[in-house]
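Asks: One line per chain: the protein sequences are A and B, in this order.
For what it's worth, the working numbering labels the leading residue of the first sequence as 5, then goes sequentially.
For what it's worth, the working numbering labels the leading residue of the second sequence as 200, then goes sequentially.
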Amino acid sequence: MDAFLSLVNALHAREVRFVLIGVWGANYHAQSAAVVFTTQDHDLFLPPDPKNLLGAWTACDEVGLELSTSAEPLDRPRDLWLAERIVRLRALTRAALADELLVDLTLVMAGFEFETVWRDRRTFRDQEVEIPVARLSHIVASKATAGRPKDRLFLETHKEALRDLLPKEERPPEAS
Amino acid sequence: MDPETKRALEAIDRVCETPTPTGPVELDPDYLKAIERVESSALDQSGVDKSWVRKILQESRDHWRRARLLG
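See the structure below:
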């Protein structure tokens, strides 16, 4: 099984709450290959809950992912005390499997609280694994709020790709 | 060059030609309308099988991994 799907299964087994956001989240909303973007990163948005974060770390360990924060291996022991510190700092934990998989466990989604995103999520199926995914409008609004160069590039290309979904008579004129 | 690729490259050019400011971006009404359309579609509801998304990305990665420089 795909390494990401194995991780999702492990997260579900530990009842970890998470929502897939970012470009991979947007990809699951695609309705044709023309709206799918190549990306390595899977961004998982987690609530600021130390027990939940600890569960996520344990799940990552179980499927063989290496954990790091700020480019350094995550300290050990990986216990509730450490999870509380990470939550307080709203720091990002990165989980990686060689060059096969990169997952960011983030406690921050620009412009949104976790509970809002969780409440409105979609649950898509991928090879019989249930993937909680943020609403497309939430993903796009968050990227618009963050407004980093990579977000702007995504928004511009995503807008162009979605334009083709509109009936011809409703399409705006192409940018010259 | 096919029209979709041409439009994508033009979009990248537009972004590259302008300074790269950071900060909130205002989303235009046509884009928001397209998003609304996606979200109301039957293909964007919970329970839908999206396995094809991962498959085409994997195929794309495999394709580029096999690429060899000629000449």
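Note that CB positions come from ideal geometry on N, CA and C, so glycine has one too.
In this text, all values refer to a predicted model and were calculated from it rather than measured experimentally.
Please decide whether A/Ser141 counts as near chain B, where near means a Cβ-Cβ distance under 7 Å.
Replies: Chain B, which has a Cβ nearer than 7 Å to the Cβ of A/Ser141, makes this yes.
Asks: In this structure, how does DSSP classify A/Asp103 when only helix, strand and coil are distinguished?
Replies: It is coil, neither helix nor strand.
Asks: Does the CB of A/Val12 have a neighbour CB from chain B at under 7 Å?
Replies: It does not; no Cβ of chain B falls within 7 Å.
Asks: Please report the straight-line C-alpha distance between A/Glu119 and A/Pro51, rounded to a whole angstrom.
Replies: Rounded to whole angstroms, A/Glu119 to A/Pro51 spans 8 Å at the Cα level.
Asks: Give the straight-line distance between the Cα atoms of A/Thr62 and B/Glu203, rounded to the nearest whole angstrom.
Replies: Approximately 43 Å between the Cα atoms of the pair.
Asks: Could you tell me the alpha carbon to alpha carbon distance between A/Leu101 and A/Leu78, rounded to whole angstroms?
Replies: Each residue's Cα considered, the two are about 15 Å apart.
Asks: Whole angstroms are fine: how far does the CA of B/Met200 sit from the CA of B/Lys249?
Replies: The straight-line gap from Cα to Cα measures roughly 29 Å.
Asks: Counting only runs that start and end within the stretch 9-34 of chain A, where is the beta strand (DSSP E) found for 3 or more residues in a row?
Replies: Correct list: 23-25.
Asks: For a contact defined as C-beta to C-beta under 9 Å, what are the partners of B/Thr221 on chain A?
Replies: Ala150, Gly151, Arg152, Pro153, Asp155, Arg156, listed in chain order.
Asks: What are the boundary residues of the alpha helix (DSSP H) that A/Asp168 is part of?
Replies: Looking at the DSSP string, A/Asp168 is not in any alpha helix (DSSP H), and its letter there is neither H nor E.
Asks: Three-state secondary structure (DSSP) at A/Asp225?
Replies: Residue 225 of chain A lies beyond the residue range present for chain A, which begins at 5 and ends at 180; the question has no answer from this structure.
Asks: Which of the residues in the stretch 234-253 of chain B, read from start to end, lie with their CB under 9 Å from any CB of chain A?
Replies: Listed by position along the chain: Ile234, Glu235, Arg236, Val237, Glu238, Ser240, Leu242, Asp243, Gln244, Ser245, Gly246, Val247, Asp248, Lys249, Ser250, Trp251, Val252, Arg253.
Asks: Distance check for B/Val214 and B/Val247, CA to CA, integer angstroms please.
Replies: Those two C-alpha atoms are separated by around 34 Å.
Asks: Could you tell me the distance, in whole angstroms, from the CA atom of A/Arg18 to the CA atom of A/Pro136?
Replies: Approximately 15 Å between the Cα atoms of the pair.
Asks: For A/Arg126, write down the residues that DSSP places opposite it in a beta bridge.
Replies: Note: A/Arg126 sits in a beta bridge opposite A/Val137.
Asks: Whole angstroms are fine: how far does the CA of A/Gly29 sit from the CA of A/Asp83?
Replies: Each residue's alpha carbon lies about 29 Å from the other.
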